[in-house]
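Step one of this worksheet: look at the structure below.
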Amino acid sequence: MSDVSTSTTPAVQRVTDHLRALGHPHSPRMLEDAARTAQQAADALGVALGQIAKSIVFRRKSDEVAVLVVTSGDLRVDEKKVQAIVCGEGGKLGRADADFVKSATGFSIGGVSPLAHATRVVTLIDAQLFRFDTIWAAAGHPHAVFPLTPQQLQTLTGAPVHDVTVA
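At position 160 of the sequence shown (counting the first as 1) the number is 216 in the numbering used here, and the numbers step up by one without a gap.
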């Protein structure tokens, strides 16, 4: 694993610049192998699966806004809970395909960062991330990750914390 060099992708550089502007003490790191799944990231970092802050993107049907849920890698998102929080009564969430994810966030699936998005994104943080002192999030590319605490994630994103996983 190495620190990000000047030859990184524009997406990783955007995350790096965003983290630096917000005063975050850690830059993204490049993994030797791609970590497109939470399990791959956990294996590459030698951490618990739950320490991977995976990004799941939905499409809010009423206004076509992306809804990003950042949750622990060892849990599944409960779409009905998310829908109730971000859509209100009668509102619906839809699946986000790869093109929607890329256009809304500026990142490809497998590297969606919880911050530095291309458009306004509604973000929710799962309360279960707070089980860990340190978590790891994608930094704009399947090889790029950065460490932070759940509290830092909340501060950096300004996102509310909710119970959004399957019980």
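Glycine residues also receive a C-beta, built at the ideal position from the N, C-alpha and C atoms.
Cβ neighbour criterion (16 or more within 10 Å) applied to residue i
| i | result |
| --- | --- |
| Thr62 | Note that Thr62 scores a pLDDT of 39, beneath 50, so its modelled location is shaky and nothing firm can be said. |
| Ser159 | exposed |
| Leu180 | buried |
| Leu78 | exposed |
| Arg70 | buried |
| Ala67 | buried |
| Gly106 | buried |
| Asp182 | buried |
| Val138 | buried |
| Ala223 | exposed |
| Gly167 | buried |
| Gly144 | exposed |
| Gly196 | buried |
Cα-Cα separation, residue i to residue j
| i | j | result |
| --- | --- | --- |
| Pro206 | Thr190 | 7 Å |
| Ala200 | Ser128 | 17 Å |
| Arg187 | Asp219 | 13 Å |
| Gly150 | His82 | 34 Å |
| Lys136 | Val121 | 17 Å |
| Ala9 | Lys117 | No statement about residue 9 is possible, as the shown extent of the chain runs from 57 to 223 and does not include it. |
| Gln184 | Leu101 | 20 Å |
| Ser237 | Gly162 | With the chain covering 57 to 223 only, the question about residue 237 has no answer from this structure. |
| Pro170 | Ala194 | 7 Å |
| His73 | His173 | Note on identity: in this sequence residue 73 is Asp, with His being the wrong assignment. Distance between the alpha carbons of Asp73 and His173: 12 Å. |
| Arg176 | Leu131 | 25 Å |
| Leu225 | Val126 | Any question about residue 225 goes unanswered here, given that the chain covers just 57 to 223. |
| Leu209 | Ala109 | 9 Å |
| Pro216 | Ala140 | 14 Å |
| Pro84 | Val133 | 25 Å |
| Phe156 | Ile165 | 10 Å |
According to DSSP, residues forming a beta bridge with residue i
| i | result |
| --- | --- |
| Asp185 | First, the residue type needs correcting, since residue 185 is Leu and not Asp in the sequence shown. According to DSSP, Leu185 bridges with nothing at all. |
| Pro203 | Trp192 |
| Asp113 | Sequence inspection shows Val at residue 113; the Asp mentioned does not correspond to that position. BP columns for Val113 point to Leu124. |
| Arg92 | Answer by DSSP bridge pairing: none, since Arg92 is not bridged. |
| His218 | Asp182 |
Rounded Cβ spacing between residue i and residue j (contact assumed at less than 8 Å)
| i | j | result |
| --- | --- | --- |
| Arg92 | Pro203 | Contact doesn't hold; Cβ gap of about 19 Å is too wide. |
| Phe114 | Ala152 | 6 Å |
| Ala178 | Leu212 | Looking at the sequence shown, residue 178 is not Ala but Val. Wrong, their Cβ atoms sit about 16 Å apart, outside the cutoff. |
Any non-hydrogen atom of the ligand ATP closer than 6 Å to residue i Cβ
| i | result |
| --- | --- |
| Leu87 | As far as ligands go, the structure on display features none, and thus does not contain the ligand ATP. |
Original post:
For the region 118 to 177, which segments carrying the alpha helix (DSSP H) assignment without a break, of at least 4 residues, lie completely within its bounds, in sequence order?
Top reply: 135 to 142, 154 to 161
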